[in-house]
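These protein sequences, in sequence, are chains A and B.
Numbers 5 to 201, taken from this note's numbering, label the letters of the first sequence in order.
Numbers 5 to 201, taken from this note's numbering, label the letters of the second sequence in order.
Protein chains: 2
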Amino acid sequence: MSFAARAYVALLHHPVLEKTGRVVTTAVTNLDVHDIARASKTYGLAGYFVVTPIAAQRKLVEEIIGHWTTGAGREHEGRRTDALELVRVAPALEDAVSAVRASCGGTAPALVATGARPRGGVVGYRPLRSEREADPGPTLLLFGTGWGLAESVFQAADRILAPISGAPARPGQGEYNHLSVRAAVAIVLDRLFGRYE
Amino acid sequence: MSFAARAYVALLHHPVLEKTGRVVTTAVTNLDVHDIARASKTYGLAGYFVVTPIAAQRKLVEEIIGHWTTGAGREHEGRRTDALELVRVAPALEDAVSAVRASCGGTAPALVATGARPRGGVVGYRPLRSEREADPGPTLLLFGTGWGLAESVFQAADRILAPISGAPARPGQGEYNHLSVRAAVAIVLDRLFGRYE
């Protein structure tokens, strides 16, 4: 089974940072559900977890999925249905980990955290790809909403991916990286799973 | 000047296809303005044109830009301001071409069309990157909303980029590629301008 076919994305709405650095719970964004499901499907991933501790938000996500997988949406656009069938909700990261483990014969996933800020001990995209292609177990890629994943998630991760580095915002300034999480997921999946000339 | 610093994105809302293949004008999506501006800024591009023949829609985009570059948004999030300063509106592709030419000492940009469907005569990402790095002129990357750019845009283009190829939707089926245009822009910019291990 290919690396992609045993890889999962988790989009965390908690614990994540707000602008000031405080740990908060963010609200689910409808387009994050759609765009990340479509990217996950395009690269052949096994699943996409929307993680939020707020029950009403999980219900909202399930209603979006339901519309497109059983409702009027299925007839309108079958490709959207194929993508949203990948989406699952989870109250916490541990629940997503348990679900992956259950789907993969009891093998826990390697947790790979992502973030926009520079930090030590990160792994590059090509080295991670080689490593996870060689390991038969599942991979769970962790993305944070808001101002990014809380430190506790980085501490719990097995690997931390290098940030996507941007150009300097102005001459002499540091690198600019202010991608939306939707764009960051698309780029990370392409770097790990994409093939092109 | 680097390839990125003389490259521009144009997001066309006309002429593009709807689901049935008819040529239509789509509505501007707020998040397309933001996400594509942020990705363009991250990769150090020179500008991002939102192209629509509808005057009220251009006014809407200008109001979004105004909020973030002169209004309350500037104080809230300076990085968002830096990104939205790249955005310009144009009624038609020709107007975007003229604006690029005026910004680049009279040199017309190479027009590079993108699309999700397989077609002949396409160029790969690495070959295009080499070609445009070697050529001192500007590049205008064309993306379509809706169901993609109309045939007339492909006919007018100097180069057509290979589609982003996906995994088969189901065993035995053709490749699945149903990325949002926001995700497609992020991936194309990363393939052309990104640097990573």
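A virtual CB, placed ideally from N, CA and C, is assigned to each residue, including glycine.
All values derive from a computational prediction rather than experimental measurement.
Distance between beta carbons of residue j and residue i, contact taken as under 8 Å
| i | j | result |
| --- | --- | --- |
| A/G152 | A/G119 | 5 Å |
| A/F53 | A/R136 | That pair is no contact at about 18 Å. |
| A/R121 | B/D39 | Contact flag wrong, Cβ pair sits at about 20 Å. |
| B/V65 | B/V37 | 6 Å |
| B/L146 | B/L35 | Rounded, the Cβ-Cβ distance is 19 Å, inconsistent with contact. |
| A/G51 | A/R84 | That belief does not hold up - the Cβ atoms of A/G51 and A/R84 are roughly 17 Å apart, past 8 Å. |
| B/S184 | A/R42 | 6 Å |
Residue i to residue j span [Cα, whole Å]
| i | j | result |
| --- | --- | --- |
| B/T30 | B/I58 | 10 Å |
| B/R195 | B/R130 | 8 Å |
| B/R133 | A/A166 | 23 Å |
| B/L193 | A/S44 | 19 Å |
| A/E201 | B/G128 | 5 Å |
| A/G148 | A/G110 | 26 Å |
| A/I106 | B/A106 | Looking at the sequence itself, residue 106 of chain A is Ala, so the reference to Ile does not match. Going by the C-alpha atoms only, they are around 59 Å apart. |
| B/E67 | B/L90 | 14 Å |
| A/A138 | A/M5 | 11 Å |
| B/L144 | A/S156 | 42 Å |
| B/I82 | B/T33 | It should be pointed out that residue 82 of chain B corresponds to Gly in this sequence rather than to Ile. Their Cα atoms are separated by approximately 22 Å. |
| A/A76 | A/G198 | 32 Å |
| A/C108 | A/Q159 | 24 Å |
| B/A72 | A/T24 | Strictly speaking, residue 72 of chain B in this sequence is Trp, with Ala absent from that position. Roughly 20 Å separates the two Cα atoms. |
| B/D99 | A/D99 | 52 Å |
Proximity below 9 Å, CB of residue i to CB of residue j
| i | j | result |
| --- | --- | --- |
| B/A14 | B/A94 | yes |
| A/A188 | A/I168 | yes |
| B/D86 | A/Y12 | no |
| B/A114 | B/P140 | no |
| A/L88 | A/V55 | no |
| A/A117 | A/I164 | yes |
| B/A3 | B/G48 | Outside the displayed span of chain B (5 to 201) sits residue 3 of chain B, for which this structure offers no information. |
| A/T46 | B/H182 | yes |
| A/V28 | A/G150 | yes |
| B/V126 | B/A112 | no |
CB contact below 9 Å: residue i versus chain E
| i | result |
| --- | --- |
| B/S102 | Absence of chain E from the displayed structure is noted, the protein chains being A and B. |
Q) Quick check: the stretch 50-69 of chain A against the stretch 20-27 of chain A, are there 3 or more CB pairs under 8 Å? A) no
**Q.** Contact list for the stretch 30-60 of chain A against chain B, Cβ threshold 8 Å
**A.** L35, H38, D39, R42, A43, K45, T46, Y47, G48
Q) Looking at chain A, which residues of the stretch 120-141 of chain B have a Cβ within less than 9 Å of any of its Cβ atoms? A) Along the stretch 120-141 of chain B, going in chain order, the ones with a CB nearer than 9 Å to a CB of chain A are V127, G128, Y129, R130, P131.
Q. Taking any Cβ of chain A, which residues in the stretch 179-192 of chain B have a Cβ under 9 Å from it, in chain order?
A. E179, Y180, N181, H182, L183, S184, R186, A187, A188, V189, A190, I191
Q: Please list the residues of the stretch 8-23 of chain A that have a C-beta atom closer than 7 Å to any C-beta atom in chain B, keeping them in chain order.
A: A8
Q) What residues in the stretch 82-102 of chain B have a beta carbon less than 8 Å from any beta carbon of chain A? A) Those would be R83, R84, D86, A87, in chain order.
Q) Taking Cβ-Cβ distances below 7 Å as the criterion, which residues of the stretch 63-78 of chain A are in contact with chain B? A) When C-beta distances to chain B are compared with 7 Å, every residue of the stretch 63-78 of chain A stays at or above that value.
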